[in-house]
Structure formats: structure tokens, C-alpha cells
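Asker:
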Amino acid sequence: MYNYLDFEKPVQDLEGKILELKKLAENGEAVDVGDEISRLEKRSRDALRDAYKALTPWQKVQVARHPDRPHCVDYIKALFSDFTPLAGDRNFGEDQAIVGGFARFRGEPVAIIGQEKGSDTTSRLKHNFGSVRPEGYRKAVRLMELADRFKIPLLTLVDTAGAYPGVGAEERGQAEAIARSTSACLGLKVPSISVVIGEGGSGGAIAIATANRVYMLEHAIYSVISPEGAASILWRDTTRSKDAATNMKITAQDLLELKIIDAIIPEPLGGAHRAPETVIASTGDLIARTMKEFSGANTDFREQRREKYLSMGRNL
1 MYNYLDFEKP VQDLEGKILE LKKLAENGEA VDVGDEISRL EKRSRDALRD AYKALTPWQK
61 VQVARHPDRP HCVDYIKALF SDFTPLAGDR NFGEDQAIVG GFARFRGEPV AIIGQEKGSD
121 TTSRLKHNFG SVRPEGYRKA VRLMELADRF KIPLLTLVDT AGAYPGVGAE ERGQAEAIAR
181 STSACLGLKV PSISVVIGEG GSGGAIAIAT ANRVYMLEHA IYSVISPEGA ASILWRDTTR
241 SKDAATNMKI TAQDLLELKI IDAIIPEPLG GAHRAPETVI ASTGDLIART MKEFSGANTD
301 FREQRREKYL SMGRNL
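Mapping of the sequence shown onto UniProt numbering: position 80 corresponds to residue 80, and the numbering continues sequentially without gaps.
(1) Please tell me whether T156 and S194 are closer than 8 Å, where the distance is taken between their beta carbons.
(2) Per the contact definition of three or more C-beta pairs closer than 8 Å, is the region 150–169 in contact with the region 200–207?
(3) For the pair the region 177–189 and the region 220–238, tell me if three or more CB-CB distances fall below 8 Å.
(4) Using CA coordinates, which residue listed in E36, T283, A245 is at the minimum distance from I18?
(5) Is the region 52–69 in contact with the region 146–153, if contact means three or more CB pairs nearer than 8 Å?
(6) Excluding five sequence neighbours on each side, which residues of the same chain lie with their C-beta closer than 8 Å to the C-beta of R90?
(7) Bridge partners of I264, per DSSP?
(8) Which value, in whole angstroms, describes the spacing of the CA atoms of A293 and I287?
(9) Quick one: measure Cβ to Cβ for I280 and P70, integer angstroms, because I've assumed they're closer than 8 Å.
(10) In its own chain, which residues sit with a C-beta less than 6 Å from the C-beta of Q96, not counting the 5 before and 5 after it?
(11) How many angstroms separate the CA atom of R65 from the CA atom of A297?
(12) Spatial neighbours of P109 within its chain, please: CB distance less than 6 Å, with the 5 preceding and 5 following residues excluded, ordered by chain position.
(13) Among S232, D13, P85, Y52, which residue has its Cα nearest to the Cα of V99?
(14) Whole angstroms are fine: how far does the CA of I197 sit from the CA of A272?
(15) So D74 and R104 are in contact, right, with Cβ under 8 Å, and what is the actual spacing, rounded?
(16) Could you give the C-beta distance for D159 and K117, rounded to a whole number, given that I count them as a contact under 8 Å?
(17) Strictly by DSSP, which residues pair up with R190?
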């Protein structure tokens, strides 16, 4: 059974009935329910299609945060071979909210940096729910510098509600760490690709997402602040989070129109959590096409990146 979102209630009811009928059939308590199951499955698909054909920005926030959505480690396991992780920032300690290292992608060496939220209570605590501490960003800088030194392309997977705002993180220089990571990302001589796979929250996301190409999954979000945070600042009322989400232009579709991102990766009907293998494969195919394009280009990637980000907002 899926973890259903509130707007998926009609789908939940239908899929619940289908499950009940299948159990009855397995236990021999129902004579012939095949036709009824087929009818309900069609209704369920139609209901799911209706629910997802015109999602509001707030509903997309819910989908982007879905607990069953594929995470950074899922992409790494599925798309890369010979992954060798890097740990520690050579300054304070290790932050497992950042998963990073070197691997091979379809035979070619790549550096990987990703934000990992975790998939259950134990792993969420281990990875701090994807909220990165200063040492995580400093580890990311280490990886970027190594990638540059050995002329290895960089791939980043973004999925965070934002950088960790704790007192200890501030005392250890959170703002400086985010700024340094952003600067390192912008200054790379090697090509870089960033994919927002879930939430792209504020500077915590930007610190590893200032790449030559930025892609987003269809129902991912990318914003300077969470809708709840914006509502509490603008209206001092978090119940207006839906209004904030609508006005902040946080969806992949809005950001493509504003030329903040370069392409949208389609998700299966019902979101990435319903068919993780499909969306991971689509992401891998787009990364492969982009890397092939980069490998054959005589491009100053640092200058291209500079022009890309300086041009943002000029068309508004």
C-alpha cells in the first residue's frame, strides 16, 4: 500500500477495494471477482489521472515531499557502478546529509554529490532529514576540488528542505560554508549537471546546484524558502502556505518558463514514488545525453556557467 496524499483520497478508496477483493479471491471467499477488479482498476487509473492532470503548486509540494519518493542513494545504486564514497570535511567531522564520492556512469568516471533525506526513522536521523550542516558543504567543496583536479565531470542530486539551522551549525559557519560551496560550484572548470529530484530548498540547495545544466523532476520544487516559511514571514500565518506556494513560482513548469532550469524530467502517472525505476531510468538517459553533448564540446564551462547565472532575470 502507498502512503496516500490528501488529494488522492478517491484513488485510495478504489485501490483499497481492489486489495480487499484480491484477498477474498486468494482466500477462496469470492467466486469470480476478476471482472469487478478490472473495472475498479480502470476507475482507479482514471481517478489517478484526474488527480494529477492539473496539480496545484501546493499539491506539488506534497508530492515532492512524499516519503516513498526515490532518494539520492536510490539513484546512485541504480545508475552508477564502482561508487567510492568520500567522508569528512578535514576540519570538523562527517555529515551524512551529503552523500558524495566517485563512480562510473555508463563506463565514464563522474563525481557525485547528493543530499539524502533517508527512507525510515533510523536513516532519516542518520542523514539529518537531508538538512546539511557546514561540514557537509565543506565535504562537497572537497569533492568539487578533486573533480576539478582530475578533470572529472560533476553530477549533483538535490533534495533538501534547506540547510540545517541549528545553533551548532551557525557557530561552525553555516553561511560561510554555503557561500564557499556555491562559489566552488560556479568556479569549476569541468562540466556540471544538477538534478532536483525532490525539494530544492533555499541556499541549502543552491550550494550544490549552480551547474551548467539544471534539471528538475516534473513534480519537484525549487524555491528560496519553503511555502510555510514564506507564509509565516509575509502573513504571520502558516495556514496560508497554499497561497505562498502559488505565488512563489516554485514548480518545475514555472521555473522552466522563467529560464531558471533547462529541462523537466517527466514522472510516471501518480508521481515518482509509484514507479521509481522508470523515473530513475529517465533521469539517467538525460544525464547520458548531456554528458555526451559536453564531451564533444569545445566549451569554457566556467564561462558558460557565469553567463548562465548572470543572465537570469534579464528577461523578466
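Beta carbons: idealized from backbone N, C-alpha and C, even for Gly.
Answerer: Well, looking at it:
(1) Within the sequence shown, numbered from 1, the residue matching residue 156 stands at position 156. Within the sequence shown, numbered from 1, the residue matching residue 194 stands at position 194. Yes, these two residues count as a Cβ contact at 8 Å.
(2) yes
(3) no
(4) Here residue 18 is taken as the residue at index 18 of the sequence shown, counted from 1. With distances taken between Cα atoms, I18 lies closest to E36.
(5) no
(6) Mapped onto the sequence shown, residue 90 falls at position 90. Excluding residues within five positions, the ones whose Cβ falls inside 8 Å are R138, R142.
(7) Sequence index remark: in the sequence shown, residue 264 carries index 264 (1-based). I264 is bridged to M216.
(8) Here residue 293 is taken as the residue at index 293 of the sequence shown, counted from 1. Here residue 287 is taken as the residue at index 287 of the sequence shown, counted from 1. One detail in the question is off: residue 293 reads as Glu in this sequence, not Ala. Rounded to whole angstroms, E293 to I287 spans 10 Å at the Cα level.
(9) To locate residue 280, count along the sequence shown from 1; it is residue 280. To locate residue 70, count along the sequence shown from 1; it is residue 70. Right, the Cβ-Cβ distance comes to about 6 Å (below 8 Å), so this counts as a contact.
(10) As a working mapping, residue 96 is identified with position 96 in the sequence shown. If we look at Q96 and ignore the five residues flanking it on each side, its Cβ neighbours are K126, H127.
(11) Here the question's residue 65 lines up with position 65 in the sequence shown. Here the question's residue 297 lines up with position 297 in the sequence shown. Answer to the nearest angstrom: the Cα atoms are 36 Å apart.
(12) Here residue 109 refers to the residue found at position 109 when the sequence shown is read from its first residue. Closer than 6 Å at the Cβ level, and outside the excluded window around P109, lie I152.
(13) Taking the first residue of the sequence shown as position 1, residue 99 is located at position 99. Among S232, D13, P85, Y52, the Cα nearest to that of V99 belongs to P85.
(14) For this step, residue 272 is matched to residue 272 along the sequence shown. For this step, residue 197 is matched to residue 197 along the sequence shown. So the two alpha carbons sit approximately 9 Å from each other.
(15) Your numbering for residue 74 matches position 74 in the sequence shown. Your numbering for residue 104 matches position 104 in the sequence shown. No, D74 and R104 are not in contact; Cβ-Cβ is about 18 Å, not under 8 Å.
(16) Numbered from its first residue, the sequence shown carries residue 159 at position 159. Numbered from its first residue, the sequence shown carries residue 117 at position 117. Their Cβ separation, rounded to whole angstroms, is 6 Å, which keeps D159 and K117 in contact under 8 Å.
(17) Position 190 of the sequence shown, counting from 1, holds the residue named residue 190. A small correction: the amino acid at residue 190 is Val; Arg does not occupy that position in the sequence shown. Answer is none; V190 lacks a bridge partner.
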